[in-house]
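Converting from the sequence shown to this note's numbering requires adding 117 to each position, the first position being numbered 1. Encoded as structure tokens, the structure appears first; notes follow it.
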Amino acid sequence: VNHNWTPESSAWEKHCKNFCRHLDLPFKSFTLEWRDDSRPRGNSGKFGEARAREQRYQSFASVCGVEDLLVTAHHLEDQGETLILRLMRGSAIRGLGAMRPAQSLYGIMVLRPLLAVPKDQLQAWVAEHNLDTVCDGSNFDETYDRNLLRRRVFPILQSRWPNTVNALARSAGHFQEAQSILDGVAAEDLAACKRSGRVNVLWDLGSVSKLRLLKLDGPRILNLLRYWVDINGLQVPSERALREFVRQLVSGGQSASPVLSAGGANFRCHRDRIFLVPEPRLTERTSSESQVWQGPELSVRGPDIVVTTRSTRTRGLSAELFREGTVELRWRRGRQTVRPIGRGRHRRSLRKLLQESDLPPWQRERIPLVFINGRFAAMPQVVVDESCTAGAGERTIEIQIRDLRKEEWPENDPL
């Protein structure tokens, strides 16, 4: 990944490309784009550093398959620096475990095989094999916290305690062991709070009962939320954000609907449920998509979804409606009315019907309305208008939604 921070960035990219060519390895590069005011510059550029890290892993994720591994060269000193930085930020136990040898991060399985190897040992190996290397001049800029630690603080610590780096790494290991115990507690709590029997059209990372969650004491609630985020390879929110989210849940009772971002997903509330919902990759769709149905199947792509049709023997839309007709998907809501199957002869407001349903609001926004030849027919997997259903002996068509985000998400064990 070419971070595009310095004039030398392109030369470093070329160096990596030539090195891969020498070893006959495939090479792919990504270049990050910056506005002048967002380019990282010391401590004033921390937001830019965080954004660069996120974009870096997003770039890796775009080329890493489900079974691929991303291997990094973090070493022993990196581990010690990470622990001290997180101590200075007041991190919780999970953060004080610093870097783990194997970890799911941004949907990628990351391995760090050199985490226990000292930096000087790696430098000696590089010199022994006469490898050509590059040096990032920004490593000498002490306005960056990590550089200040490396150049000023660590020499003082090591002059007094020569075993500083190893001691810090051992402490990080102890924190990881403690976190493992907390994860076991969180797994039990998460299973106990699991909300079953939910009605879901689109994919998410599970839901828990708000009532059951709030019966736990504060530290266990926080522990559960951190664990839930972590097992899905997401970025754990800050301690302040987590505590504020829980405070709003407690003070607002069952009507509380706070939202908490977790780096690629959000905690969202609906009635007695708290969901972990992946963020949509595309903005909300307000335009329409139309296509002529030529049978027996049709596929129309929407925002992060694919809407498909198939013939079925169960009760559904009449195939005659589709014959040489235009199927249109609309995301912009009007004042549609519908006569649901088996719900009497009176038409009802679709908006009212959705409000009464168990379908969360953020899912309603992403599910299109299906019109056939300009006539409202259905909201897929939610409601079908009685007037559009097939009669006895007629062929029927079922409309389904496939959530594309699920297909690109790493394998996990959501609720």
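Every residue gets a Cβ at the ideal spot worked out from N, C-alpha and C, and that includes glycine.
| said: What I want to know is whether the C-beta of G224 ends up closer than 7 Å to one or more non-hydrogen atoms of the ligand HEM. | reply: Within the structure as shown, the ligand HEM is missing, as the structure has no ligands at all.
| task | Could you please give the first and the last residue of the uninterrupted beta strand (DSSP E) stretch that includes T425? | result | Counted as a single uninterrupted DSSP element, the beta strand (DSSP E) harbouring T425 occupies residues I422 to T429.
| field | Cβ neighbours of A309 in the same chain (closer than 8 Å, five flanking residues each side left out) | value | So the list reads R329, once near-sequence residues are dropped.
| query | Is the region 501 to 512 touching the region 343 to 358 in the sense that three or more CB pairs, one from each, lie closer than 8 Å? | reply | No: the two stretches stay apart, fewer than three of their Cβ pairs being nearer than 8 Å.
| request: Since I believe Y174 is in contact with L222 (beta carbons under 8 Å), could you give me their beta-carbon distance rounded to a whole number of angstroms? | output: Right, their Cβ atoms sit about 6 Å apart.
| request: Mark L142 as exposed unless 16 or more other C-beta atoms lie within 10 angstroms of its C-beta, in which case mark it buried. | output: exposed
| Ends of the beta strand (DSSP E) at Q220? | A219 to L222
| Measuring CA to CA, which of V376, P395 and Q172 is closest to H387? | V376
| Looking only at C-alpha atoms, which of P395, A373, D389 and I391 sits nearest to G381? | Residue P395 is the option with its Cα nearest to G381.
| query | In three-state DSSP terms, what is R387? | reply | The question names Arg, but residue 387 is His in the sequence shown. Three-state result, H387: strand.
| query | If we count Cβ pairs, one from each stretch, closer than 8 Å, do we get three or more for the region 287 to 305 versus the region 319 to 333? | reply | no
| query | Can the beta-carbon of R267 be found less than 8 Å from the beta-carbon of E198? | reply | yes
| Taking the alpha-carbon positions, what's the I273 to A209 distance? | Those two C-alpha atoms are separated by around 26 Å.
| task | Tell me whether H291 is buried or exposed, calling it buried when 16 or more other Cβ atoms sit within 10 Å of its Cβ. | result | Taking every protein chain shown into account, the CB of H291 has fewer than 16 other CB atoms within 10 angstroms, so this residue is exposed.
| message | One question on the structure: do I516 and P497 come within less than 8 Å of each other, judged by their Cβ atoms? | response | Their beta carbons are under 8 Å apart, which means I516 touches P497 by this criterion.
| query | What's the call for Q480, buried or exposed, on a 16-neighbour Cβ count within 10 Å? | reply | buried
| message | Spatial neighbours of F73 within its chain, please: C-beta separation below 6 Å, excluding the five flanking residues on both sides. | response | Outside the displayed span of the chain (118 to 532) sits residue 73, for which this structure offers no information.
| query | Quick one: what does DSSP say V394 is sitting in, helix, strand or coil? | reply | strand
| said: Is the separation between the beta-carbon of W242 and that of K523 shorter than 8 Å? | reply: no
| request: Quick one: grab the DSSP three-state call for P336. | output: helix
| task | Find the nearest neighbour of S179 within the set A167, I225 and G207, judged by alpha-carbon distance. | result | Minimum Cα-Cα distance from S179 among the listed residues A167, I225 and G207 corresponds to I225.
| request: Quick one: which unbroken alpha helix (DSSP H) runs of 4-plus residues sit fully inside the region 237 to 306? Chain order, please. | output: 262 to 265 and 271 to 277
| task | Using 10 angstroms around the beta-carbon of H120, count the other beta-carbons present and answer buried if the total reaches 16, otherwise exposed. | result | buried
| field | Sequence-distant residues of the same chain with beta carbon closer than 6 Å to Q472, five excluded per side | value | Closer than 6 Å at Cβ, skipping near neighbours: no residue.
| Reference T280, options E245, E194 and V251, closest by Cα | The amino acid occupying residue 280 in the given sequence is Asn; Thr does not appear at that position. For the residues E245, E194 and V251, the minimum Cα distance to N280 belongs to E194.
| query | At what residues does the alpha helix (DSSP H) containing F147 begin and finish? | reply | Where F147 is concerned, there is no enclosing alpha helix (DSSP H), given that its DSSP letter is neither H nor E.
| Residues near Q293 in its chain [Cβ-Cβ closer than 7 Å; skip 5 each side] | G214 and R217
| query | Around the Cβ of N349, are there at least 16 other Cβ atoms within 10 angstroms (buried) or fewer (exposed)? | reply | buried
| request: Kindly list the residues whose CB is nearer than 6 Å to the CB of L351, restricted to its own chain and excluding five residues on each side of it in sequence; keep chain order. | output: A379, G380, G381 and A382
| said: Let me check understanding here. Comparing Cα to Cα, which of F144, D475 and R519 lies closest to S313? | reply: Out of F144, D475 and R519, the CA that lies nearest to the CA of S313 is found in D475.
| request: May I have the straight-line CA-CA distance separating A295 from G212, to the nearest angstrom? | output: Straight-line Cα distance between these residues: approximately 12 Å.
| task | Could you tell me whether the region 451 to 458 touches the region 359 to 369, using the rule of 3 or more Cβ pairs below 8 Å? | result | no
| query | Among E184, K332, N490 and R263, which one has its Cα closest to the Cα of L202? | reply | R263
| Inter-residue Cα distance where the pair is S416 and N256 | 52 Å
| task | Kindly indicate which three-state DSSP category R329 falls into: helix, strand or coil? | result | helix
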